[in-house]
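Trainee: Numbering (the working numbering), first residue to last: 97 to 290.
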């Protein structure tokens, strides 16, 4: 019995093979091939208001987006500083990625060492040094807020720098700050001016 069914399947399968492009084919489930797709701004008879492009439902979060519940302003930045903590542990990979992101987004204004002497400075007002005492004492969450929302003349980088990368930049910034403190505290060699 099995060989007879196998023969029927093979014969039907072979009958469906044809090299003649003018031979009509059978369509199964044609609705799946020619589905109705409305243009974004075209009228739509199915929706209540007749629009094709609909607003997202309330409290919808875009795929891949992380909501940031802190607003703009110093009070919000202080709250972020108290409540947000860096989830990453410093490691060579984290510091390398932080350096790359710092060089891409921060270096033009803050400079390679973070001293506020980047190549954009002649065109704009000088940003504060990231190596100063005040910058060293700002909590990580506060810096995360500044990168996300911006502050004073610094624009927001929330759209350009992903949250994971912001934390890595903060680790790299802390490494720059620690290196600057060590350099400042190192005793000068004999004959050198401090």
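Glycine included, each C-beta is placed from N, C-alpha and C at the ideal position.
1. Let's see if you can read the secondary structure: which residues bound the alpha helix (DSSP H) around residue 265?
2. Assign residue 157 to buried or exposed, taking buried as 16 or more other Cβ atoms, counted over all protein chains shown, within 10 Å of its Cβ.
3. Got a sec? Which residues, its chain only, sit under 8 Å from residue 209 by beta carbon, not counting five neighbours each side?
4. Are residue 264 and residue 197 touching if we call contact CB-CB under 8 Å?
5. At a cut of 8 Å, does the region 235–253 reach the region 186–194 through at least three beta carbon pairs?
6. Straight-line CA distance for residue 238 to residue 175?
7. By how many angstroms is the C-alpha of residue 253 removed from the C-alpha of residue 207?
8. Would you report the Cα separation of residue 194 and residue 217, rounded to the nearest angstrom?
9. Quick one: using the 10 Å Cβ neighbour count with 16 as the cut-off for buried, is residue 141 buried or exposed?
10. Quick check on DSSP: helix, strand or coil for residue 247?
11. Would you call residue 173 buried or exposed, if buried means 16 or more other Cβ atoms sit within 10 Å of its Cβ?
12. So within the region 163–194, which uninterrupted alpha helix (DSSP H) runs reach at least 4 residues, ignoring any that extend past its ends?
13. Return the chain-ordered list of same chain residues with a C-beta closer than 6 Å to the C-beta of residue 190, the five sequence neighbours on each side being excluded.
14. Should residue 240 go down as buried or exposed, given a rule of 16 or more other Cβ atoms within 10 Å for buried?
15. Taking only the alpha-carbon atoms, compute the straight-line gap between residue 214 and residue 179 and give it to the nearest angstrom.
16. What's the call for residue 261, buried or exposed, on a 16-neighbour Cβ count within 10 Å?
Mentor: Per the coordinate set shown:
1. 259–281
2. exposed
3. 227, 272, 276
4. yes
5. no
6. 8 Å
7. 17 Å
8. 22 Å
9. exposed
10. strand
11. buried
12. 170–179
13. 184, 264, 267
14. buried
15. 31 Å
16. buried
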